[in-house]
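Participant: Going letter by letter, the sequence shown gives residues 768 to 1094 in our numbering.
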Amino acid sequence: MKKVLVTGGAGYIGSHTVRLLVSQGIQVVVLDNLVYGHPKAIVDESVMLVNGDLGDAQVVNQLFSEHSFSAVIHFAAYTYVGESVENPLKYYENNMARPLALLQAMQRHGCRQFIFSSTCATYGEPQVIPITEQESQTPINAYGESKLMLEKVLDDCYRAWGLKSVCLRYFNACGASEDGLIGESHDPETHLIPLILETALGKRDAIKVFGTDYDTPDGSCVRDYIHVDDLASAHYQALTYLQEEKPPLKCNLGTGQGYSVKEVIEAARAITGKEITVIEEGRRAGDPAELIAAPSLAKQELGWVAEKSDLHHILKTAWQWELNRRY
Ligand code: UDP
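(1) Whole angstroms is fine: what's the gap from Val-848's alpha carbon to Gly-911's?
(2) Rounded C-beta distance between Thr-889 and Leu-856? I'm assuming under 8 Å.
(3) Cutting at 7 Å between CB atoms, please list the residues of its own chain near Gly-947, excluding the five before and the five after it.
(4) Leaving out five residues on either side along the sequence, give the residues of the same chain with a beta carbon under 6 Å from the beta carbon of Ile-896.
(5) Quick one: does the C-beta of Phe-1115 sit closer than 6 Å to a heavy atom of the ligand UDP?
(6) What are the uninterrupted segments assigned as beta strand (DSSP E) that are 3 or more residues long and contained completely in the stretch 1023 to 1071, given in chain order?
(7) How long is the line joining the alpha carbons of Asp-823 and Leu-801, rounded to whole angstroms?
(8) Could you pull the DSSP bridge partners for Ile-898 from this structure?
(9) Alpha carbon to alpha carbon, how far is Arg-1036 from Leu-830?
(10) Kindly list the residues whose CB is nearer than 8 Å to the CB of Val-760, restricted to its own chain and excluding five residues on each side of it in sequence; keep chain order.
(11) Would you kindly work out how many angstroms separate the C-alpha atoms of Val-852 and Asn-908, rounded to a whole number?
(12) Can you confirm whether the stretch 1010 to 1023 touches the stretch 962 to 973 when touching is taken to mean that 3 or more C-beta pairs between the two stretches lie within less than 8 Å?
(13) Phe-842 and Ile-780: beta carbons closer than 7 Å?
(14) Would you mind reading off the limits of the alpha helix (DSSP H) that contains Phe-938?
(15) Within this structure, are the beta carbons of Ala-864 and Thr-1084 separated by less than 7 Å?
(16) According to DSSP, is Phe-883 part of a helix, a strand, or is it coil?
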């Protein structure tokens, strides 16, 4: 049976992926320092959770000595864009420097398959929508830059010692598992959909719309919302890809369809049956007007397409989670 090390497996996208891997008969060890991860997000008893840091050479080397991993899926990272602008060193340290200890342990122990959580933030302000992988990568914040740097590290490791990687550039992750057992839980929460739903629940007075004067049909920002279970399945397909004699791959994970902030709020009103008060605010620093993926490379190379990412299903699962959150 295949065994995979998942860093950040107690986090949002990581935990959904871990469940999918287990359901496919893969043995999983999760390495998570639990700074943002939730032990309760790991629901399968077969999964071993190691509370440790991937930047700790002793911890990672011991893991590779004890287990024979065929691949590593690396989720663990800080993801607050605003914080990355205010405190860039925290992001370069955690997202770029610390994974080097993990990669060194992989090299030492002969593990040469790596799947990396990258992001559409590596494109910065795209020139062409929908965004293809040929778009220039010029991030506008330290979060995107730290992810792009690690993509480059992976390229160099491929040339030097044959590390094969798949970099998955996520668009806007959202939604929750259909059975309501796991879902999105950030502290602080900054993402649009959970904040809208917390407003619907009465935990917040209003949802702020950051910017209504963008060059978009209704003036609010447009994003490509992708269900977390679709992201999870892309990781599973990336594992299969890595077993074939193919070159490293970098591809977008999105639907190719965008929704504005105002459209998402309107759809949430329909799903929840709640009023949801809106306050129109100025633009949030660092927000591009429109981010929509061209998803064809992922389809061509991984055989992946988004199947659970219609806005109705995203909001339905996220709302069910919000009503009965376990953590
Ligand atoms: N947004 C908003 N109000 C909020 C949070 C987010 O209007 O309280 C907007 C944000 O400006 C962006 C979109 O919703 O245009 C998605 O933001 P989110 O933080 O969810 O994801 P991001 O696109 O930053 O990764």
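From the three backbone atoms N, C-alpha and C, an ideal C-beta is built for every residue, glycine too.
On a predicted model such as this, the values are computed, not experimentally measured, just so you know.
Facilitator: In this structure, then:
(1) 8 Å
(2) Their Cβ separation, rounded to whole angstroms, is 19 Å, which puts Thr-889 and Leu-856 out of contact at 8 Å.
(3) Gln-1087, Trp-1088, Asn-1091
(4) Glu-1057, Ile-1059
(5) The chain is shown only over 768 to 1094; residue 1115 falls outside these bounds and no answer can be derived.
(6) 1045 to 1048
(7) 14 Å
(8) Ala-1060
(9) 47 Å
(10) In the structure as shown, the chain starts at 768 and stops at 1094, and residue 760 therefore has no counterpart that could be examined.
(11) 6 Å
(12) With the cut-off at 8 Å, the stretch 962 to 973 and the stretch 1010 to 1023 do not touch.
(13) yes
(14) Unbroken run through Phe-938: none, as it is neither H nor E.
(15) Thr-1084 sits away from Ala-864, with the two beta carbons spaced by 7 Å or more.
(16) strand
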